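Taking it in order: structure first as structure tokens, then the write-up.
This is the structure we're talking about:
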């Protein structure tokens, strides 16, 4: 069986202008989403606070739960229906960390029992102090930074055999981080600074594959974060794990196309044929790209629908990331490498 | 023709090893260990405590201030106060003569203290003394180490199977307690400072005056909590207590639950020889006075001393429940914390939620897996079956790897396995697509397979190394469940590299060896 005919030759690169507009719109939507919601909606992992998941063995309305908790004076209290179907589960969130005194879970349980007459089962309780939240946020950003760092070293080393140059870029990236951390700027600015410095270096040092891959990665991560923001979904530790996996996955896709480009370009001296050659490479790997995306999406959809509430957002992030990552390796990463290659002839 | 080459042998050994490691998870008879389940799957509590070790430094400074005062008194040196202010000591001396004597005492007896300034003000000379930075660091570090030891003892006595307790950073302690039924009780026990002291009640001071803030010098106001067993209401009884500590819990050798004549639980304590001697003396000297038993700044009881108590035994009463008495005894036996701790992170998962998470994770794994198997069979026909075999072995290898390394399986870890199922066929897809291409160019089956594997190998390696990098970074930075995800993702990548590049190839070799035809079902 074949989904994609072997002699297929879609002019992907011819549509790169449309793709640019499409990506631009997605990025714009992400920025608007981030501005409207004032940054990502940090869950308790990063913002600090507490959540209690309770389950009842009979029907209780969300209003009853909320009313019975009114006396506890919980800051930024939110009660959310949790779990699918008739499981009578609720997620109670608050900005209080409960470190002042006795167990928050106990207090919540007692208040609910008093208010509704039914004793809830405490299924899960999480409390993160503000200092820990800051630490976790910093660690998460560092994780994203380091994976980008190592991956770019690998790509430019592996694809252009420029290990020394990629080492220089990595050094510059780390130096930028060091310099910015000395003058004490916030982590997001720090990372942005490092990325700008390394992209400038990729351009200057003509590490076109690394540049294409990195822009595609930033594109994917940014849009995934933006979509999370637009839907006002919670940003938690597992989402960071999902983002890093998306970085790996998206790159995986990109590399397969790059590999084919490199293979086809060997011995090719005529640079005017490059657009056709790039296009041909995308088409040759197209059935693999689509097949793998399909199989990955199948299991992720199974996880999304059957995996339960706790893993729900993680599965959602992965689904968005896989779709965007597949799109970006064809429509973002490859056109950038082509653009950089053509610039090189003219300049 | 050799059917079983070295490579085939290697493949078989790896698979057998994985099965051997995996078996104990499903049968109880095997001698190996099962796969570790994370707290989010088996239920339990994850706590991060912060040791307020600045308090240990402050306590050390206060002790030093007391010793300096004692030393000054012994030398008949006049002073206008030695006290702790923040993390330094301040001493006021009236004249040049006492200043000289003070300086001599400091340089002789307290040579570790550094004089940072000495200024004359209103006729008196003010000294500022500091502990050197490295000494404060040592006190802080020791406080953390000691807190860890104490908490470990308490947890051991409380009875948690396979707890994981470790220091994290400078002053944090991480605790993983699987299978806790009563998280609040565990938290109470861990967080108790358990500073036990015996102090006299200030009989001359009036309670009413004290409540208005009129406290005699050298006394303080503490409360006793009493719960009415019938109504459950708690009342607080104020006591004026002399600040001087006559005896503390450091001289305890034992504490256990006992019962009074009404079968109410109480905690019996026993002192060592030195403690017993002190207890004998203070009870002898203070007959008919009230001696308060104070734990963490709460008065437990303040009985009137009827007679001299020899033998070093005492009881703490205070209308306890059975569990409260048990936990108090544990805390006293395990010793007091050198500094208070606060809980700065807590994650508790109930056992039912853990079981639900496993069930849902397994269902999605099964459904996702079966769909992939079907898809591959339809798309690649017989070659698809080879990919499917590789996929199944992949999962076995991940399971075997988890058991062999005693890594922990978490809910995100299950998600990682599910994700790997989706991505594991990727390597096979890359190879199969390449083989199809080669076949289209008119190569024979065997040549196409060889070319396909050879050309795909590097691509597969490149593509997987990047995901492996992400997994390693995640492992390095992640905690708990996230680390579990990184482990299964990493194992999955390595396993899929093995199954695609070694196992699939061996099977293709076997198939092509037997067949003389050039047809290939792909």
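Protein chains in written order, with the numbering used here: chain A, 1 to 347; chain B, 348 to 869. From the three backbone atoms N, C-alpha and C, an ideal C-beta is built for every residue, glycine too. Note that the coordinates shown come from a computational prediction; the quantities given were computed from them, not determined experimentally.
Name, in chain order, the residues that DSSP records as bridge partners for residue i.
i: residue 639 of chain B; result: B/546
i: residue 570 of chain B; result: B/585 and B/645
i: residue 511 of chain B; result: B/523
i: residue 462 of chain B; result: B/476
i: residue 92 of chain A; result: A/52 and A/79
i: residue 613 of chain B; result: B/605
i: residue 435 of chain B; result: B/432
i: residue 618 of chain B; result: B/599
i: residue 755 of chain B; result: B/383
i: residue 42 of chain A; result: A/235
i: residue 467 of chain B; result: B/472
i: residue 594 of chain B; result: B/545
i: residue 440 of chain B; result: B/472
Select from the options the residue whose C-alpha is nearest the C-alpha of residue i.
i: residue 477 of chain B; options: B/833, B/429 and B/508; result: B/429
i: residue 312 of chain A; options: A/82, A/162, A/130 and A/67; result: A/82
i: residue 828 of chain B; options: B/671, B/367, B/387 and B/565; result: B/387
i: residue 378 of chain A; options: B/695, B/690 and B/713; result: Outside the displayed span of chain A (1 to 347) sits residue 378 of chain A, for which this structure offers no information.
i: residue 410 of chain B; options: B/618, B/390, B/603 and B/434; result: B/434
i: residue 53 of chain A; options: B/698, B/471, B/671 and B/521; result: B/698
i: residue 706 of chain B; options: B/758, B/667 and B/643; result: B/758
i: residue 606 of chain B; options: B/719, B/833 and B/664; result: B/664
i: residue 87 of chain A; options: A/55, A/169 and A/113; result: A/55
i: residue 253 of chain A; options: A/79, A/296 and A/110; result: A/296
i: residue 452 of chain B; options: B/641, B/820, B/418 and B/399; result: B/418
i: residue 669 of chain B; options: B/718, B/604 and B/750; result: B/604
i: residue 275 of chain A; options: A/326, A/148, A/214 and A/338; result: A/338
i: residue 124 of chain A; options: B/639, B/372, B/621 and B/392; result: B/392
i: residue 538 of chain B; options: B/727, B/370, B/675 and B/514; result: B/675
Which residues mark the beginning and the end of the alpha helix (DSSP H) in which residue i is found?
i: residue 828 of chain B; result: 827-845
i: residue 238 of chain A; result: 237-265
i: residue 80 of chain A; result: Note, residue 80 of chain A: premise wrong, no alpha helix (DSSP H); beta strand (DSSP E) at 78-82.
i: residue 451 of chain B; result: 443-456
i: residue 431 of chain B; result: Note, residue 431 of chain B: premise wrong, no alpha helix (DSSP H); beta strand (DSSP E) at 429-432.
i: residue 68 of chain A; result: 62-69
i: residue 204 of chain A; result: 187-204
i: residue 812 of chain B; result: 792-824
i: residue 214 of chain A; result: 208-230
i: residue 15 of chain A; result: From DSSP, residue 15 of chain A is part of no alpha helix (DSSP H); its letter is neither H nor E.
i: residue 506 of chain B; result: Per DSSP, residue 506 of chain B belongs to no alpha helix (DSSP H) and is neither H nor E.
i: residue 179 of chain A; result: 163-182
i: residue 112 of chain A; result: 104-116
For residue i, report the span of its beta strand (DSSP E) as first-last.
i: residue 586 of chain B; result: 581-589
i: residue 519 of chain B; result: 519-525
i: residue 127 of chain A; result: 121-128
i: residue 309 of chain A; result: Run containing residue 309 of chain A: none; DSSP gives neither H nor E here.
i: residue 50 of chain A; result: 49-55
Short-range partners of chain B found in the stretch 147-175 of chain A, where Cβ spacing is below 7 Å
147, 150, 151, 154 and 158
Interfacial residues, the stretch 701-722 of chain B to chain A, with Cβ spacing under 7 Å:
703, 704, 707, 708, 710, 711, 714, 715, 718, 719 and 722
Please identify, using Cβ separations under 7 Å, the residues of the stretch 566-578 of chain B that lie next to chain A, in order along the chain.
none
Contact residues within the stretch 297-313 of chain A, judged by C-beta distance below 7 Å to chain B
298, 299, 300, 302, 303, 306, 307, 308, 310 and 311
Residues of the stretch 456-487 of chain B in Cβ contact with chain A at a cutoff of 9 Å, in chain order, please.
none
Contact residues within the stretch 220-238 of chain A, judged by C-beta distance below 7 Å to chain B
237 and 238
Check distances from the C-beta atoms of the stretch 111-126 of chain A to those of chain B and list, in chain order, the residues that come in under 8 Å.
121, 122, 123, 124, 125 and 126
Alpha helix (DSSP H) runs contained entirely in the stretch 351-401 of chain B, provided each spans 4 or more residues
353-373 and 386-389
Members of the stretch 810-832 of chain B near chain A, C-beta cut-off 9 Å
810, 811, 812, 813, 814, 815, 816, 817, 818, 819, 820, 821, 823, 824, 825, 826, 827, 828, 829 and 832
Which runs of the beta strand (DSSP E) spanning at least 3 residues fall entirely within the stretch 623-710 of chain B, listed in chain order?
638-642, 645-648, 660-663 and 688-696
Please list the residues of the stretch 527-541 of chain B that have a C-beta atom closer than 9 Å to any C-beta atom in chain A, keeping them in chain order.
530, 531, 534 and 535
The stretch 724-756 of chain B: which residues have C-beta closer than 7 Å to a C-beta of chain A, in chain order?
725 and 726
Chain A contacts from the stretch 785-801 of chain B (Cβ-Cβ distance under 8 Å):
787
What are the residues of the stretch 641-656 of chain B that lie near chain A, defined by any Cβ-Cβ distance shorter than 9 Å?
none
Mind listing which residues of the stretch 831-849 of chain B have their C-beta closer than 8 Å to chain A's C-betas, in chain order?
832, 833 and 836
Taking beta-carbon pairs under 8 Å, can you tell me which members of the stretch 311-331 of chain A lie near chain B?
311, 314, 315 and 318
Quick one: which residues of the stretch 236-268 of chain A get their C-beta closer than 7 Å to a C-beta of chain B? List them in chain order.
237, 238, 241, 244, 245, 247, 248, 249, 251, 252, 255, 256 and 259
Cβ-based contacts, 8 Å cut-off: residues of the stretch 681-699 of chain B near chain A
689, 690, 691, 692, 693, 694, 695, 696, 697 and 699
Residues within the stretch 275-299 of chain A neighbouring chain B, beta-carbon criterion of under 7 Å:
287, 288, 291, 292, 295, 296, 298 and 299
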